[in-house]
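Residue numbers (our numbering): 419 to 841.
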């Protein structure tokens, strides 16, 4: 059993000096074995340390490498989001309509990428009743007292009662009727339609759902409220939608939402048409654009971290990131003269419309932008810190003279984890 794990660390207690790799003795008690210690001169002078200039360079290099690694984690996370099937925008679906104001739609990630032609011959309508117009401020047309009436919605009846006062105006009594029916939650909604210019008011009742199955009726039970207000008069009957799918026979629906693929996709009929409307279930271009924008933003931050420390860092760090984006101009990804990556959203969406599979392959395929970034960055993150540094940098020459000696004094690995004990 692993008892504990801790990040590797190294004390700077031991002196460091440049020596031949075959003649390194890391601990103080071993120094008398060193060929360099003959005559005791070395044993009498153990004050050798890394020069301050080299140490300062090492500190800067370590900070820059750590900063680059921190930002590389962010870029790799963004790339993983695009490459991973459970989070990639390429697994989302959207519906594009040739006439968005007439037919719109939605699709789940399970929907097939395909096309349809749909023609709306008639839209589904909810039943609508309208009462008489009355002078709003005139005494109530409904007599004072308690009135009961029956509301029947698709065969389900409910008795509703309203009390009208002797001083109630038409506006007040109609408001009481509205509130009584709406509070009963019967599947219809009553409104008081006021014409301020004419000074009139009337009741209107509308079914909450479309289709003939949601029809309703109102009739007096005790009193004359329904007859007096005219709210029982049907203005528009509830009807089904009638449509054709892929030039097939006329079909009907109790509402204007047409379900496809067992509900994986749906179309909303907004207006009738004389000719079919083409709709396409495909990749969600907006979602893909958003994830790619995040990816490029993180790539630019990583490039900025490299540029800030280019005198210290290995140039392959930048080259590998930039290489992942090569040959992607056709989907709208370009690099400015200053090295900043940019995304032309309109060009990307156009490419998704024309060549959806090619776009997916370029971005999230096995050798696409996102997987390449994930692999490259993961490889860099596994390397020891000194592998991230530039061996040809003038800034690091003073440090490189001490590198082999320093490594010999590091009795622990330079990266990974340390197991303290096993039990």
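Built from N, CA and C at the ideal position, the CB exists for glycine as well.
- Taking a 10 Å sphere around the C-beta of residue 767, we find 16 or more other C-beta atoms and assign the residue as buried.
- Residue state for residue 719 is assigned as helix, using DSSP reduced to three classes.
- Taking one beta carbon from each stretch, the stretch 541–551 and the stretch 702–712 have fewer than 3 pairs nearer than 8 Å; the two do not touch.
- Contact check for residue 578 against residue 599 passes: the beta carbons are separated by less than 7 Å.
- Rounded to whole angstroms, the separation of the alpha carbons of residue 729 and residue 739 is 18 Å.
- Taking every protein chain shown into account, the CB of residue 780 has 16 or more other CB atoms within 10 angstroms, so this residue is buried.
- If only complete runs of 3 or more residues are kept, the stretch 740–793 shows the beta strand (DSSP E) at 751–753 and 759–761, in order along the chain.
- The C-beta separation of residue 623 from residue 606 comes to about 5 Å, placing the pair in contact by the 8 Å criterion.
- The C-alpha of residue 483 lies about 10 Å from the C-alpha of residue 735.
- Assigned with DSSP and collapsed to three states, residue 560 falls in coil, not helix or strand.
- C-alpha of residue 619 to C-alpha of residue 596: approximately 12 Å in a straight line.
- In the DSSP assignment, residue 637 falls within the beta strand (DSSP E) that extends over 634–640.
- If you look at residue 696, you'll find it isn't in any alpha helix (DSSP H); it sits in the beta strand (DSSP E) that goes 695–701.
- If you ignore the 5 residues before and after residue 696, its C-beta comes within less than 7 Å of the C-beta of 516, 533 and 535, all in its own chain and listed in chain order.
- If you ignore the 5 residues before and after residue 590, its C-beta comes within less than 8 Å of the C-beta of 558 and 583, all in its own chain and listed in chain order.
- For residue 591, no beta strand (DSSP E) segment is defined; the enclosing uninterrupted segment is the alpha helix (DSSP H) at 588–602.
- Judged by beta-carbon spacing, residue 512 lies beyond the 7 Å limit of residue 720, meaning their Cβ atoms are not closer than that value.
- Residue 723 and residue 487 have their C-alpha atoms roughly 9 Å apart.
- As the crow flies, the alpha-carbon of residue 801 is around 19 Å from that of residue 789.
- DSSP places residue 499 in the helix class (H, G or I) of the three-state scheme.
- Look at residue 548 here: in three-state DSSP terms it is strand.
- For residue 495, the closest C-alpha among the options 763, 662, 725 and 714 is that of 714.
- When only Cα atoms are considered, residue 689 and residue 549 end up about 28 Å apart.
- Burial state of residue 750 is buried, judged by a 10 Å Cβ sphere holding 16 or more other Cβ atoms.
- DSSP places residue 485 in the helix class (H, G or I) of the three-state scheme.
- A distance below 6 Å between beta-carbons, with the five flanking residues on each side excluded, links residue 698 to the following residues of its chain, in chain order: 514 and 533.
- For residue 615, no beta strand (DSSP E) segment is defined, and its DSSP state is neither H nor E.
- In the structure shown, the three-state DSSP call for residue 570 is strand.
- Residue pairing by DSSP places residue 681 in no beta bridge whatsoever.
- The alpha carbon of residue 684 has as its nearest neighbour, out of 507, 614, 626 and 529, the alpha carbon of 529.
- For residue 587, the CB contacts under 8 Å within the same chain, skipping 5 residues up- and downstream, are 554, 555, 556, 557 and 558 in chain order.
- Sequence-distant partners of residue 806 (beyond 5 residues in either direction) whose C-beta falls short of 8 Å from its own C-beta, in its chain, are 483, 486, 487, 731, 732, 735 and 798.
- Comparing alpha-carbon positions, the option among 777, 792 and 679 lying closest to residue 525 turns out to be 679.
- Remark: C-beta atoms of residue 509 and residue 522 do not approach each other more closely than 7 Å.
- Around residue 777, the same chain offers 749, 769 and 770 as residues with beta carbons nearer than 6 Å, after the five sequence neighbours per side are excluded.
- As the crow flies, the alpha-carbon of residue 787 is around 42 Å from that of residue 693.
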